[in-house]
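Structure, as structure tokens:
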Amino acid sequence: MHDTNTNYLIDFIKIYFKTQLLNSEEIRHFYLKDGLSASQIATHYGVSKSVIIGWVNRLKIGSKSAQGRMTNPINFRHHNPPFGYKVKDNKLVLNGAELKICRVIVDLMGRKMRGLRETARELECRGFKTRRGRSKWGHFVVQQIFNRWRDKL
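Adding 182 to a residue's 1-based position in the sequence shown gives its number in the working numbering.
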């Protein structure tokens with residue numbers, strides 16, 4: 183007779199699909215140099231986004247080193263473009279009005295050696311508005327704009 187109440191021990195084996203095909207240097211290049219998102223890289227390899235995020239974290243190219251990474255102007259998929267740009271047909275194009283502000287910030291901080299808060303106050307005095315139409319400028323925003331544009335303007 184067959185006993186139906188017999189317990190069986192089952193081992194669980196970790197299985198990775200396609201991860202052996204991933205190339206660390208290629209992922210680094212896609213993420214940092216080409217400015218592709220984890221979703222875009224995942225689509226390229228045919229894996230899930232979480233697999234790519236895991237690789238990015240293991241390669242230690244996550245959030246802190248990604249701050250200075252290049253923005254991909256050809257296929258920009260974020261709702262908020264960097265200051266000095268606008269999105270037109272899913273592509274980044276220069277925004278002339280914001281570039282004027284960027285030039286002022288680079289001039290004040292880079293050439294005239296002014297500090298962040300002093301530069302923010304100067305923007306307020308000159309009547310420049312933020313992207314949201316506010317007259318008050320935060321020093322952190324000024325720093326981000328300066329870091330992005332200091333070598334380009």
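Note that the Cβ used here is the ideal one computed from N, Cα and C, for glycine as well. On a predicted model such as this, the values are computed, not experimentally measured, just so you know.
Just the C-alpha distance for residue i and residue j, rounded to the nearest angstrom, thanks.
i: Ser247; j: Asn239; result: Confidence in Ser247 is poor, its pLDDT being 47 and thus under 50, which makes the residue's placement unreliable; the coordinate value appears in the next sentence. Cα to Cα, Ser247 sits roughly 11 Å from Asn239.
i: Gly320; j: Phe212; result: 32 Å
i: Thr292; j: Phe310; result: In the sequence on display, residue 292 carries Gly and not Thr. Between Gly292 and Phe310, the C-alpha separation is close to 19 Å.
i: Glu300; j: Lys273; result: 34 Å
i: Ala220; j: Lys294; result: 39 Å
i: Arg332; j: Leu218; result: 23 Å
i: Glu208; j: His226; result: 11 Å
i: Arg296; j: Gly228; result: 49 Å
i: Arg303; j: Asn262; result: 24 Å
i: Arg308; j: Ser317; result: 10 Å
i: Asp216; j: Leu290; result: 31 Å
i: Lys231; j: Ser206; result: 15 Å
i: Arg330; j: Tyr267; result: 11 Å
Is the beta carbon of residue i sitting closer than 8 Å to the one on residue j?
i: Arg314; j: Phe265; result: no
i: Ile283; j: Leu298; result: no
i: Trp237; j: Leu204; result: yes
i: Leu241; j: Arg210; result: yes
i: Leu335; j: Val288; result: yes
i: Ile234; j: Ile243; result: no
DSSP beta-bridge partners for residue i?
i: Leu274; result: Val269
Problem - At least three beta-carbon pairs within less than 8 Å, the segment 317-325 to the segment 269-282 - result: Contact fails: fewer than three Cβ-Cβ distances are below 8 Å.
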